[in-house]
Every structure is written in structure tokens, then in C-alpha cells.
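Below you'll find the structure, written out as C-alpha cells, and then a few comments.
Chains as they are written, first to last, in the numbering used here: chain A, 1 to 203; chain B, 1 to 203; chain C, 1 to 203.
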């Protein structure tokens, strides 16, 4: 289960960076930056563990707290040394965090014996809620509501996982399949502004 | 306990519609609509189950997930076929969801052996928090803060339940009493703009 | 464990007052005031108990619910009788609530056998999240993000607790040390506008 641990650590680091970048962009200051980074990094996973009634991952293994703080500090130092940080990078970091957390949430739910529908929901919740709380705290319109493919990339990633799982592949390969699908879909959605027109447009 | 299950399903459907209508009104698009519908429909009950340390209702029974999605899709299709959806209906849907969830929250808390004060609080939390999260995500002033009788209708419904329960009625009738009381009070509050003047008005 | 119970009750009362004052300041009305007071008073502790997988403190002991309601009602009556309530008092009430909840969160986490890092995080979460939810619901920029020392006072208070604990002092004295440290730091930060310049200022 080693790769699983590293995957989760990578997702936490990436989302901590994304939270710190948002704090920078909103000209926040003080320790609130670290609070925002932490909420983005470990908020979704905390919600997942609470709902699955598992011990919270960062209480069991304090590595996650240190990775969150380290990633936030590294980003702060980089921003102090370097010139302006393009907003674009925030979206790329967010896409990787989305995909990594999706797989972690799927796996964790399946390990508790939850049915596949619930596992897909848990993957999406793990991915989406950290960023959702980040956006609410910054009083931004949540990214998840901006009309582009966002939450749906997690759900398609989850369906991909379910398909590979049904075919009989190992968890590792199901996870890699879901990860690649989610990242590529999200990048494509950002690049070509793919949208899901739910409501009829009233021009 | 069949009627209890149906009551909960009805509350979930109604709140999913209310979340979808809010998304429509705010000109949201994409899958964020479904996220908003889900949060409104199952957010309050999830919070209740987490606080009572019960298994989350929609993890135990995936019917709730399907009802949430189906109600959201049906609303989307209806809005695409029909003309403008009057804002008024959002408030009526919200009133029914409020009352249904109030009774479900009361019952569930009492079944865990919680005292009546906690059960009344749980009814109110189940009812109010789904809509509260919906309003926060949409960056609206939460309905619960708009000065009209809102959370208090749940509490009076809960007190009504407690009174009928003390008299010795069956749970079914206590529930119906609380449901009718909550809905009628909320409708009356909307119709005649009943307010609770907590603070002195500084004109 | 008597002093621990009173400490928690005092923190709850103080945060209920702080929530009611915020509702007054934002010209809220109706029972939403009591909802806001409750969320501020018991929101942080509820989150802590959920994450530590403990029974929620106000479900186990309904005193907390009554203290929350009584403090809110007392504040409402005082505001009706007295003249304008200066905004300053909100910040002072908030500082005491911050320090009281910090110690309660630390103690509770240590009692579950959590490591000291997690206990410090739990103290900060207990302290910061009630006010954070209050500010989000009121659509204010959260106090925790305003650049002044806020969350960091809790963390320094927590480190002080850890130091006194390492020296071998009893929990009571560790708690008093952390409490005094947190309150004094917060007052100093408010008086002299201490800031933590995380990002370079772009003038």
C-alpha cells in the first residue's frame, strides 16, 4: 500500500500549493495563508474519512500535516524570490490535486466495503470539497460552478476505475487509469473550454 | 419503518429540486448544478448522521443518491421544456423540505436515545443546513437569516412533536403533527411576512 | 475534571455572545440570530469532536445548549436596554473565546491519545472554526484572514502548552499557561496591529 500513501501525500502537497497561490492572489497575509492551504489540502479527505467513519488520515499519520506546511512554506519562499506567479499555474495544480484525490477517495471507500456508486461519490467529494471550501473562504465563485467540466471529470474518472475494476485489473492499474483519465479530461476542458450546457441559454 | 424511509426520500427529492432551481436562478451551468442539488438534498442529513455517529444514510442505502440525481435531472428537463420557473416555487419546495427533514431528524435522534432537546436541535439542523450550505455556495444571504420565521418553525414543529410524544401518541402521529405544524407555520410566515423582532429597530 | 467543564462552558458563552453581536452588527433579525450564535459557540467544538470520533460535547451534556441560548438571549436583552454596542467588544469577546477553546481542544485531543502536533491543530481548529463559520455565514472576510496574528496565537499557545507539559507540569497549569499566552498575544496583536508579513508587499 506504499504507492497509495505517496499518491495521497502528492495530492496533499499539490492542494496545499493551490491554497497558498489563491491566498497570494487574494492578497491575504498572516497565518491565514497556512489555514487556507491546510483547508484546501486536507479538507476534502477529512470530510471523506468522517463520512466513512474512518480515523482521519492526518491524525493517524502526521506526515500529512508536515507535507501541508512544507508545501505552503516552499510556495511562500518561491513567491518571495521569484516574480509574479501566473494564475494559470493555480488551475494546473488544481487539476493534478483533483485527479490524485479522486483515486485516493475511490480506493479508501472500496476498502471499507462501500458499493461502487458510493466510492465514485467519495472520490468526487475528496477531490472537490477541499477546493470548494477554499473558494468559499476566499469569497470566490467556486471553480466547480464555473460551467466547465470539473466535478464531472472526477465522475468519469471514477466510472473508468469501475470499468477497469470490472474487467479484473489490479487496484494499482485501475487507479492509474482513473488518474490519467481525470487529468487529461480536466486539461482538455480547460484548453478547449468544454462545457456541459445543463440549462437552455436565455440570450 | 417504511413510511419513515419514504418521508426521507421525499424530503431528499424536494431539496434536490430546490437546489437545482437555485442553480438555474443563479445562471449556473455544468455539473456544478448536480453538486449543488446534492449538497442541498443530502447535506443536512449527512451532518446529522455524522454528529449522531450513525452510518451516513446515503452510504447505507444508495436509493438516496439515485433520487437526488433523478430529481435534479427531472427539474433540468422540465426547465428546458417549460417557460420561466417562478422564484415562488423555490420557497414552497424549500418549505416542504424543511418540514420533512425536521421530522426525519427528530426521529433519528430519538432512536439513538438522545434527549428531546438534542432531537429538536437535530431536526432543525437536518432541515436548515442543507439550504444554508446551498445559500453559502451561491453567495446568497442565507434564507435562515432573512428575518422571517424559518428555523423557528422547525423548533415549534419539534416542540409539537415533544408534546404529542409526551401525551403518548405513536411516532407516526407525532411525526404527522410536527410535519403539518412546520409546513403551515412556514407558509403563514411567507404569506403574512411574520417576523421575530429580536433587535430593536434603529430607524 | 470540573474546571475543564467550566472552561468549556465559559468559552461557549463568550462565543455565543460574539455570534449574537455579529448578528446585531449585520442588522440580522429573527431566529437566525440564535442559529448564528449557536454555530459560533459550538461549531468549532463539534468539528473537533467529529474529527476525534468522540461523542459531540453538547449531545452528551445539554448544559452547553442552554448556555448558548441563555448567553444569546442575555446579549439580545442587553442590546435592547442599552445604547449602541461598540464593535470593539466583539473583538475582545472573540479573543477570550479563542484562548478558552484552544485549551479545551488541546486537552480533549491529548485525552484521546493523539500526538502533540495533532493536539495543537485541534486546539486551533476548535478556536478558529466557530468564528470562521460565523464570518462565512455573514459574508464577511474571515477575521482569521485579516493579516493580524490570529490563528498563530493559538499555535503559540499550543506550543507553550507543549513546553509546560514537557517540563512535567500538571494539565491545569499547562492549560492556564496556554490560556494566558493566547489571550495576551491576541490583545497585543490587536493593540499594536502585529502582522505576519508572509508575502512581499507589492506597493
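Don't be surprised by glycine CBs; every beta carbon is placed ideally from N, CA and C. Please read these numbers as outputs of a predicted model, since none were measured by experiment.
- For residue 117 of chain A, the neighbours in chain B by C-beta distance under 7 Å run, in chain order, 62 and 65.
- If you keep only unbroken alpha helix (DSSP H) runs of at least 4 residues inside the region 21-64 of chain A, you get 32-51 and 57-60.
- For residue 185 of chain B against residue 156 of chain B, the beta-carbon gap comes to about 6 Å, under 8 Å, which counts as contact.
- Remark: C-beta atoms of residue 158 of chain B and residue 189 of chain B do not approach each other more closely than 8 Å.
- Closer than 9 Å at the C-beta level to chain B, one finds these residues of the region 24-36 of chain C: 24, 26, 27, 28, 29, 30, 31, 32, 33, 34, 35 and 36.
- Between the beta-carbon of residue 102 of chain C and that of residue 57 of chain C there is about 15 Å, and that puts the pair past the 8 Å contact cut.
- Around the CB of residue 55 of chain B, fewer than 16 other CB atoms lie within 10 Å, so the residue is classed as exposed.
- The continuous alpha helix (DSSP H) containing residue 126 of chain B extends over residues 116-137.
- At a cut-off of 8 Å between beta carbons, residue 96 of chain B makes no contact with chain C.
- Here the C-alpha atom of residue 50 of chain C lies approximately 44 Å from the C-alpha atom of residue 82 of chain B.
- Selection B:20, B:31 and B:17 evaluated against residue 152 of chain A yields B:31 as nearest (Cα-Cα).
- Residue burial annotation: residue 113 of chain A is exposed, with fewer than 16 other C-beta atoms found within 10 angstroms of its C-beta.
- If you look at residue 161 of chain A, you'll find it in the alpha helix (DSSP H) that goes 151-167.
- Contacts between residue 104 of chain A and chain C, judged by CB atoms closer than 8 Å, are missing: the closest CB pair is about 18 Å apart.
- In terms of CA proximity to residue 10 of chain A, A:65 leads the group A:59, A:52 and A:65.
- For residue 142 of chain C, the residues of chain A that pass the 7 Å Cβ criterion are 137, in the order they occur in the chain.
- Sequence-distant partners of residue 15 of chain B (beyond 5 residues in either direction) whose C-beta falls short of 6 Å from its own C-beta, in its chain, are 40, 41, 97 and 130.
- At least 8 Å separates the beta-carbon of residue 126 of chain A from that of residue 19 of chain A.
- The alpha-carbon separation between residue 166 of chain C and residue 116 of chain C amounts to approximately 10 Å.
- Residues of the same chain with a CB within less than 6 Å of the CB of residue 105 of chain C, apart from the 5 flanking positions on each side, are 48, 122, 123 and 126 in chain order.
- In the DSSP annotation of this structure, the continuous segment of the alpha helix (DSSP H) that includes residue 173 of chain A starts and ends at 171-192.
- By the Cβ-count criterion, residue 191 of chain C is exposed, with fewer than 16 other Cβ atoms from all chains shown falling within 10 Å of its own Cβ.
- Under the Cβ criterion of 8 Å, residue 50 of chain A is counted among the residues facing chain C.
- Sorting C:161, C:76, C:35 and C:22 by C-alpha distance to the C-alpha of residue 109 of chain C places C:161 at the top.
- Only buried fits residue 94 of chain C, as 16 or more other CB atoms lie within 10 angstroms of its CB.
- Proximity to residue 71 of chain B across B:92, B:143 and B:37 peaks at B:37, based on C-alpha coordinates.
- A Cβ-Cβ distance of about 7 Å is found for the pair residue 21 of chain C and residue 75 of chain C, placing them in contact under the 8 Å criterion.
- Separation of residue 35 of chain A and residue 175 of chain B (C-alpha to C-alpha, rounded to the nearest whole angstrom) is 42 Å.
- Proximity of chain C to residue 145 of chain B at the Cβ level (cut-off 9 Å) is accounted for by 23, 26, 28, 29, 30, 32, 33, 35, 36, 137 and 138, in chain order.
- Taking a Cβ-Cβ threshold of 9 Å, the residues of chain C close to residue 128 of chain B are 35, in chain order.
- The Cβ of residue 17 of chain B sits no closer than 8 Å to any Cβ of chain A.
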